[in-house]
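Trainee:
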Amino acid sequence: MTATIIDGKGIARAVREQVARDAAELAARLGRPPGLAVVRVGEDPASKIYVSNKRRAAQQAGVQSWEHALPEDTPQAELLELVQKLNEAPEVDGILVQLPLPPALDEAEVLASVSPDKDVDGFHPLNVGRLWEGVPGMVPCTPAGIMELVRHAGISPEGKRAVVIGRSNIVGKPVAALLLAAHATVTICHSRTRELPAVCREADILVAAAGRPRLVRGEWIRPGAVVIDVGVNRLPDGTIAGDVDFESASRVAGHITPVPGGVGPMTIAMLLANTVKAARWRASRPVRQ
Ligand code: NAD
Numbered sequence: 007m008t009a010t011i012i013d014g015k016g017i018a019r020a021v022r023e024q025v026a027r028d029a030a031e032l033a034a035r036l037g038r039p040p041g042l043a044v045v046r047v048g049e050d051p052a053s054k055i056y057v058s059n060k061r062r063a064a065q066q067a068g069v070q071s072w073e074h075a076l077p078e079d080t081p082q083a084e085l086l087e088l089v090q091k092l093n094e095a096p097e098v099d100g101i102l103v104q105l106p107l108p109p110a111l112d113e114a115e116v117l118a119s120v121s122p123d124k125d126v127d128g129f130h131p132l133n134v135g136r137l138w139e140g141v142p143g144m145v146p147c148t149p150a151g152i153m154e155l156v157r158h159a160g161i162s163p164e165g166k167r168a169v170v171i172g173r174s175n176i177v178g179k180p181v182a183a184l185l186l187a188a189h190a191t192v193t194i195c196h197s198r199t200r201e202l203p204a205v206c207r208e209a210d211i212l213v214a215a216a217g218r219p220r221l222v223r224g225e226w227i228r229p230g231a232v233v234i235d236v237g238v239n240r241l242p243d244g245t246i247a248g249d250v251d252f253e254s255a256s257r258v259a260g261h262i263t264p265v266p267g268g269v270g271p272m273t274i275a276m277l278l279a280n281t282v283k284a285a286r287w288r289a290s291r292p293v294r295q
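Right, dumping it as structure tokens:
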């Protein structure tokens, strides 16, 4: 193996420690801790685990959290009403609607109903627009975490070739926007991209977010490249595999993230960082509360 491992767990710990210091400072200044409201609809077991992990991390960092668990058959209007209440609640700095919502609900309408100032997931169309405009706003957590990992690898994206595999609104597109804002030359690949291995071989920074176990092999990687593996794929034997074949890739890459222990831990850390950011942002504009 030649690649340096990017320690997502350690970097996420450092982010959470910084959040804890910021949360304590805010609590002293505002007379209350930063607050995160999580909305969950239905009984999806994975969503339940994600939400409880997020709340535990919040508690450890001194961020107050509330969970609003609604039944599977909640009407759209009722969900929108709850979001509106949370938008107006002064003690709530961040609102997260856990996805996916049950199929009967209109996800886009719900995400657009969250106040952009409290949109700690960064999925509101206004924040998406801000991201592509390159102006400050709420940035989605996983992509923000990926940029932290690249920064910690000591690599400046400026002038580099970045290739992103995946064009989802949650990972692929926002991470491409962030790399572009950091002055990389960015290529976004997807399931219909031709000659994917050849495109990947041009990358100084390669982000794999396709949701395909071990798609990216060592031969696809430019020697010395930074490889960020976003994939979390459950294999039939119950183990988790990334989108990158770590074995072969780590012999060619300069830096590489493991799965687990790479991107995964960063997502929750950045959610907490966004909650503190939202609390600061709101505290600096008291007239809008
Ligand atoms: P998605 O299914 O919404 O999007 C996948 C994208 O990959 C699509 O744009 C598709 O066109 C592209 N793609 C699929 N197969 C491809 C192929 N063979 N070649 C090229 N492109 C291909 O998934 P998502 O929500 O963006 O998530 C991607 C992966 O990242 C999943 O494994 C998911 O579990 C993981 N993920 C991890 C975290 C984390 O915190 N670690 C967060 C979000 C997503």
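Here this note's numbering is used: the first residue of the sequence shown is 7, the next is one more, and so on. We treat Cβ as the ideally placed atom computed from N, Cα and C, and that holds for glycine.
First and last residue of the beta strand (DSSP E) that includes Q66?
Mentor: Numbered from 1 along the sequence shown, position 60 holds the residue referred to as residue 66. Not the beta strand (DSSP E): Q66 falls in the alpha helix (DSSP H), residues 51–66.
Trainee: Taking the Cβ atom as the reference point for each residue, do L92 and A43 lie within a distance shorter than 7 Å?
Mentor: As a working note, residue 92 is residue 86 in the sequence shown. As a working note, residue 43 is residue 37 in the sequence shown. Against a cut-off of 7 Å, the Cβ pair of A43 and L92 comes out as a contact.
Trainee: Does ligand 1 have even one heavy atom less than 6 Å from the beta-carbon of H196?
Mentor: In the sequence shown, the residue the question calls residue 196 occupies position 190. Yes, the Cβ of H196 comes within 6 Å of a heavy atom of ligand 1.
Trainee: DSSP state of R207, grouped into three classes?
Mentor: The count along the sequence shown starts at 1 and reaches residue 207 at position 201. Coil, per DSSP.
Trainee: Check whether the Cβ atoms of T80 and V103 sit closer than 7 Å, and answer yes or no.
Mentor: By 1-based counting over the sequence shown, the position of residue 80 is 74. By 1-based counting over the sequence shown, the position of residue 103 is 97. Not closer than 7 Å, so no.
Trainee: Nearest CA to the CA of V238: which residue from R257, E225, A216?
Mentor: Indexing the sequence shown from 1 puts residue 238 at position 232. Ranking R257, E225, A216 by Cα distance to V238 puts A216 first.
Trainee: Examine ligand 1 and report whether any of its heavy atoms sits within less than 6 Å of the Cβ of G217.
Mentor: Taking the first residue of the sequence shown as 1, we reach residue 217 at position 211. G217: yes, Cβ under 6 Å from ligand 1.
Trainee: I'd like to confirm something about G237: is its beta-carbon nearer than 6 Å to some heavy atom of ligand 1, or not?
Mentor: On the sequence shown, position 231 is the one that residue 237 refers to. Checking every heavy atom of ligand 1 against the Cβ of G237, one is found closer than 6 Å.
Trainee: Report yes if the C-beta distance between V170 and V213 is below 7 Å; otherwise report no.
Mentor: One-based indexing of the sequence shown puts residue 170 at position 164. One-based indexing of the sequence shown puts residue 213 at position 207. Yes, these two residues count as a Cβ contact at 7 Å.
Trainee: Between which residues of its own chain and P209 is the CB-CB distance below 7 Å, once the five residues before and five after are set aside?
Mentor: Taking the first residue of the sequence shown as 1, we reach residue 209 at position 203. A quick correction: the sequence has Ala, not Pro, at residue 209. R167, A168, V169, R228, A231, listed in sequence order.
Trainee: With burial defined as no fewer than 16 other Cβ atoms inside 10 Å of the residue's Cβ, what is the status of P39: buried or exposed?
Mentor: By 1-based counting over the sequence shown, the position of residue 39 is 33. That one is buried.
Trainee: For L86, which residues of its own chain have a beta-carbon under 6 Å away from its beta-carbon, when the five flanking residues on both sides are left out?
Mentor: Locating residue 86 in the sequence shown gives position 80, counting from the first residue. Contacts found: S119.
Trainee: Which residue's Cα is closest to the Cα of G128: R291, K283, A289, E23?
Mentor: Along the sequence shown, read from residue 1 onward, the residue named residue 128 stands at position 122. Answer by Cα proximity: K283.
Trainee: Considering G44, what are the terminal residues of the beta strand (DSSP E) in which it resides?
Mentor: The residue given as residue 44 occupies position 38 in the sequence shown. Residue identity differs from the one stated: residue 44 is Val in this sequence, not Gly. From DSSP, the beta strand (DSSP E) with V44 extends over 41–47.
Trainee: Under 6 Å Cβ to Cβ from V25, same chain only, skipping five residues before and after it: list those, please.
Mentor: Numbered from 1 along the sequence shown, position 19 holds the residue referred to as residue 25. For V25, where only same-chain residues beyond five positions count, the Cβ hits under 6 Å are A67, L278, A279, V282.
Trainee: Measure the CB-CB distance between D99 and R291 and report whether it falls below 7 Å.
Mentor: Mapped onto the sequence shown, residue 99 falls at position 93. Mapped onto the sequence shown, residue 291 falls at position 285. No; because the gap between Cβ atoms is not below 7 Å, this pair is not in contact.
Trainee: Mind checking whether S254 and R223 have CB atoms under 7 Å apart?
Mentor: Reading the sequence shown from its first residue, position 248 is the one you call residue 254. Reading the sequence shown from its first residue, position 217 is the one you call residue 223. In contact: S254 and R223 (Cβ atoms closer than 7 Å).
Trainee: What are the start and end residues of the beta strand (DSSP E) that includes E73?
Mentor: Residue numbering aside, residue 73 sits at position 67 when the sequence shown is read from its first letter. 70–76 is the span of the beta strand (DSSP E), which, as asked, contains E73.
Trainee: Please indicate yes or no: does the CB of I171 lie closer than 6 Å to some heavy atom of ligand 1?
Mentor: By 1-based counting over the sequence shown, the position of residue 171 is 165. Checking the Cβ of I171 against ligand 1 gives yes.
Trainee: Looking at the secondary structure, which residues open and close the beta strand (DSSP E) in which T191 lies?
Mentor: Within the sequence shown, residue 191 is the residue found at index 185, counting from 1. From DSSP, the beta strand (DSSP E) with T191 extends over 191–195.
Trainee: Compute the beta-carbon to beta-carbon distance between H158 and I17, rounded to the nearest angstrom, for a pair I have assumed lies under 8 Å.
Mentor: For the purposes of this step, residue 158 is taken as the residue at position 152 of the sequence shown. For the purposes of this step, residue 17 is taken as the residue at position 11 of the sequence shown. H158 to I17, Cβ: 5 Å. Contact.
Trainee: Enumerate in chain order the residues of its own chain whose CB-to-CB distance from G151 is below 7 Å, with the five nearest sequence positions on each side excluded.
Mentor: To locate residue 151, count along the sequence shown from 1; it is residue 145. Cβ neighbours of G151 beyond the five flanking positions: V269, M272, T273, A275, M276.
Trainee: Can you say whether S299 is buried or exposed, counting buried as having 16 or more other CB atoms within 10 angstroms of its CB?
Mentor: Residue 299 falls outside the range modelled here, since the chain spans only 7 to 295, and no answer is possible.
Trainee: Would you kindly check if the distance between the Cβ of L186 and the Cβ of C195 is under 7 Å?
Mentor: Within the sequence shown, numbered from 1, the residue matching residue 195 stands at position 189. Within the sequence shown, numbered from 1, the residue matching residue 186 stands at position 180. Against a cut-off of 7 Å, the Cβ pair of L186 and C195 comes out as no contact.
Trainee: With respect to the beta strand (DSSP E) encompassing I101, which residues constitute its N-terminal and C-terminal limits?
Mentor: For the purposes of this step, residue 101 is taken as residue 95 along the sequence shown, with counting starting at 1. Counting along the chain, the beta strand (DSSP E) containing I101 begins and ends at 100–103.
Trainee: Please report the distance separating the alpha-carbon of S162 from that of C206.
Mentor: The residue you call residue 162 lines up with position 156 of the sequence shown. The residue you call residue 206 lines up with position 200 of the sequence shown. Taking the straight line joining both Cα atoms gives about 19 Å.
Trainee: For R218, which of L184, W226, L241, E225 has the nearest alpha-carbon?
Mentor: Here residue 218 corresponds to residue number 212 of the sequence shown, with the count starting at 1. Measuring from the Cα of R218, the nearest candidate turns out to be L241.
Trainee: For K124, which residues from the same chain have a beta carbon less than 7 Å from its beta carbon, with the 5 sequence-adjacent residues on both sides left out?
Mentor: What you label residue 124 is simply residue 118 of the sequence shown in a count that begins at 1. The answer, listed in chain order, is N93, V98, D99, G100, I101, A284.
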